[in-house]
Amino acid sequence: MSEVRTPPVVAALDIGGTKTAAALVTRQGEVVDRITVPTPGRAGATAIIDTAADLVARLRARATGTRVSALGVGSAGVIDHRTGRVLSATDALAGWAGTDLSGRLRALLDLPVTAINDVHAHALGEARHGAAAGHQTLLLIAVGTGIGASFVVEGSALTGAHSAAGHAGHQPSPYAGRLRCTCGGQGHLEAIASGPGLAEEYARRTGQPVGDLRAVAVRAADGDPIAREVVLLGGAAVGSAVGGLVNMLDPAVVVIGGGVAGLGDAWWQALRDAVRRETLPVLDDVPVLASTLGSDAPLLGAAALAWEGTA
Numbered sequence: 198m199s200e201v202r203t204p205p206v207v208a209a210l211d212i213g214g215t216k217t218a219a220a221l222v223t224r225q226g227e228v229v230d231r232i233t234v235p236t237p238g239r240a241g242a243t244a245i246i247d248t249a250a251d252l253v254a255r256l257r258a259r260a261t262g263t264r265v266s267a268l269g270v271g272s273a274g275v276i277d278h279r280t281g282r283v284l285s286a287t288d289a290l291a292g293w294a295g296t297d298l299s300g301r302l303r304a305l306l307d308l309p310v311t312a313i314n315d316v317h318a319h320a321l322g323e324a325r326h327g328a329a330a331g332h333q334t335l336l337l338i339a340v341g342t343g344i345g346a347s348f349v350v351e352g353s354a355l356t357g358a359h360s361a362a363g364h365a366g367h368q369p370s371p372y373a374g375r376l377r378c379t380c381g382g383q384g385h386l387e388a389i390a391s392g393p394g395l396a397e398e399y400a401r402r403t404g405q406p407v408g409d410l411r412a413v414a415v416r417a418a419d420g421d422p423i424a425r426e427v428v429l430l431g432g433a434a435v436g437s438a439v440g441g442l443v444n445m446l447d448p449a450v451v452v453i454g455g456g457v458a459g460l461g462d463a464w465w466q467a468l469r470d471a472v473r474r475e476t477l478p479v480l481d482d483v484p485v486l487a488s489t490l491g492s493d494a495p496l497l498g499a500a501a502l503a504w505e506g507t508a
C-alpha cells in the first residue's frame, strides 16, 4: 500500500484589534486548517503574543505527520519588515508598540518568522491568489475601522523607508472638511469615510447616535434618505482618494476590501464614479475590483512571505 503524503505547509497569523486567526497553508495557497479567537488586545503584548503562539501550536499538534517549516505574520500596527518589530500601534492593542513580534514568536515556536503589516499581507494575498492574480502591480485599499493601503509591485509590497507606507486614511480629503481624525489631525479621509466616520456623520446629520455602520446600512436599505446620502458620501470620498492614488501610481488593478466595502451596490457605484472623475483619461480603464479572498487574504499573504523564506 502506497503511503499517503500530506503537502508541506507553513503557518500564518493575522493579528488584529478584535480577532487573531491562524492557519496552515500550502505553497499553492490552500488553507488546510485554521483557528480564530478574540484578540486579548487590552491585556497587553505578552497576552497577545501568547495567544497567537498557542494557536500555531494547536495547529501543529493537529497536523500529524506534517512538517510546518515557517511562520508568516500579518499584524495591526506599523511593522518593521526587516526586523519584525512593532514600531507603532493604536490603543486597540495595548503595549503593542515596541514589541519584538518576530523574535518572541520565534523563541516560543522555534520557527523562522517573517512579519509585516496586516494590510500589506492582505494585498499580497490578493496579488498571489485573489482578485489581482496575474497582474504585475496592485493598489489595495482596505476600508474598515480605519483605511489602509498597499502597493504591490511584482509580488512585493512597498512598505516605505520607515515601514509606514499605506496610511491612505490619513491623506487630506475634501469631503472631511475640518473633522478631527483619530491620528489627531484634521480633514483626513478616515474621519469621514471609515466605518466609525460614517456612523458619526449620520449622527451629526440626524442628531440620532447609532451603534455602528451596520445600523446606518440597515436604515439605508429601509429607505432612510439621510442614511443613503451618508453611504453615497462614503463611497465618493474613498473613490476620490483612489482616483488620486491611481494617477500617482498607475497600477494595473485596484482592489477594494474591508468591512465598509460590504455596504452594497450604491456605495460601490459612488466609489467607481468618483474614481473616474479623478483619474486621467489614459487611466480610465484601470479596473476597480472587490477583494475575493475576504478574511483569508492576510493569512494567504503572510503565508506567501513565509514560503519565500523557505526558498
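To convert a position in the sequence shown, counted from 1, into our numbering, add 197. Don't be surprised by glycine CBs; every beta carbon is placed ideally from N, CA and C.
### Query
Does the beta-carbon of P495 have 16 or more other beta-carbons within 10 angstroms, so that it is buried, or is it exposed?
The residue in question, P495, is buried, as its Cβ has 16 or more Cβ neighbours within 10 Å.
#### Entry: Nearest candidate by alpha-carbon position, reference G322, set L490, A503 and W504
Closest option to G322, Cα to Cα, is L490.
### Query
Does the Cβ of S285 have 16 or more other Cβ atoms within 10 Å, making it buried, or fewer, making it exposed?
By the C-beta density criterion, S285 is exposed, having fewer than 16 other C-beta atoms within 10 angstroms.
### Message
I'd like to confirm the pairing. Which residues does DSSP put opposite H385 in its beta bridges?
### Response
Answer by DSSP bridge pairing, in chain order: P369.
### Task
May I have the straight-line CA-CA distance separating D419 from A503, to the nearest angstrom?
D419 and A503: Cα-Cα distance of roughly 46 angstroms.
#### Entry: Reference L308; option with closest CA among V270, L460, H319 and G382
Ranking V270, L460, H319 and G382 by CA distance to the CA of L308 puts V270 first.
### Task
Output yes or no for whether 8 angstroms exceeds the beta carbon distance between L386 and A365.
Cβ atoms of L386 and A365: closer than 8 angstroms.
### Task
Report the rounded CA-to-CA distance for Q333 versus D421, giving the unit in angstroms.
Cα to Cα, the separation comes out at about 42 angstroms.
### Query
Opposite T334 in the DSSP bridges: which residues?
Its beta-bridge partners are V350.
#### Entry: Inside the segment 237-265 only - alpha helix (DSSP H) runs reaching at least 4 residues
If we require 4 residues or more, the alpha helix (DSSP H) runs fully inside the segment 237-265 come out as 242-259.
### Pair within 8 angstroms by beta-carbon distance, G384 and P369
For the pair G384 and P369, the CB atoms are nearer than the 8 angstroms cut-off.
#### Entry: Secondary structure of T403, DSSP reduced to three states
Three-state DSSP puts T403 in a helix.
#### Entry: Under the three-state DSSP convention, the category S299 falls into
Three-state DSSP puts S299 in a helix.
### Message
As a quick exercise: from W464, I453 and A467, pick the residue whose alpha carbon is nearest that of A324.
### Response
The shortest Cα separation from A324 among W464, I453 and A467 belongs to I453.
### Task
Taking only the alpha-carbon atoms, compute the straight-line gap between T243 and T236 and give it to the nearest angstrom.
A direct Cα-to-Cα measurement between T243 and T236 gives close to 12 angstroms.
### Query
What residue range is occupied by the uninterrupted beta strand (DSSP E) comprising L477?
From DSSP, L477 is part of no beta strand (DSSP E); its letter is neither H nor E.
### Query
Hey, S347 and A312 are a contact pair by Cβ (cut 8 angstroms); roughly how many whole angstroms apart?
Actually they are not in contact, since the Cβ atoms of S347 and A312 sit about 15 angstroms apart, beyond 8 angstroms.
### Query
According to the Cβ coordinates, are A458 and S437 closer than 8 angstroms?
Cβ distance not < 8 angstroms, so A458 and S437 don't count as in contact.
#### Entry: Rounded C-alpha distance that separates G214 from N444
Distance between the alpha carbons of G214 and N444 is about 32 angstroms.
### Query
Among residues of its own chain, excluding the 5 on either side of M198, which ones have a beta-carbon nearer than 7 angstroms to its beta-carbon?
Low confidence applies to M198: its pLDDT is 39, below 50, so where it sits in the model is not reliable, and the reading given next is rough at best. Excluding sequence neighbours, M198 sits near nothing in its chain.
### Message
Out of P204, S492, T223 and Y399, which one is the CA nearest neighbour of E505?
### Response
Ranked by Cα distance from E505, the first of P204, S492, T223 and Y399 is T223.
### Query
Between the Cα of V479 and the Cα atoms of I423, W464, G440 and T507, which residue gives the shortest distance?
Looking only at I423, W464, G440 and T507, the smallest Cα-Cα distance to V479 is reached by G440.
### Query
Under three-state DSSP, which class holds R411?
Here R411 sits in helix by DSSP.
### Task
Taking the CB atoms as reference points, tell me whether G392 and G341 lie closer together than 8 angstroms.
Yes, they are a contact pair.
### Query
What distance in whole Å lies between the Cβ atoms of A433 and A467, which are believed to be in contact at a cut-off of 8 angstroms?
5 angstroms between Cβ atoms; contact.
### Task
Please name the residue in S360, H319, E397 and A318 whose C-alpha comes closest to that of R377.
When only C-alpha atoms are compared, the closest one is E397.
### CA nearest to the CA of L486, picked from L256, A289, A339 and D315
Its Cα nearest to that of L486, the residue A339 stands out among L256, A289, A339 and D315.
### Query
My guess is that H319 and G498 are in contact by the Cβ rule of under 8 angstroms, so how many angstroms apart are they, rounded?
Your pair H319 and G498 checks out as a contact, with CB atoms roughly 6 angstroms apart and the cut at 8 angstroms.
### Query
How would you label G363, buried or exposed, when you count the other beta carbons within 10 angstroms and need 16 or more for buried?
The Cβ neighbour count for G363, taken over all protein chains shown within 10 Å, is at least 16; the residue is labelled buried.
### Top-ranked residue by Cα proximity to L442, from V472, V428, W293 and L460
That would be V472, whose Cα lies nearest to the Cα of L442.
#### Entry: Residue from R469, Q225, G456 and R257 with nearest C-alpha to A219
Cα-wise, what sits closest to A219 is R257.
### Message
Quick check on V541: does DSSP put it in helix, strand or coil?
### Response
With the chain covering 198 to 508 only, the question about residue 541 has no answer from this structure.
### Query
From R255 to A208, what does the alpha carbon distance come to, in whole angstroms?
Their Cα atoms are separated by approximately 11 angstroms.
#### Entry: 8 angstroms Cβ cutoff met for A388 and G394
Yes; because the gap between Cβ atoms is below 8 angstroms, this pair is in contact.
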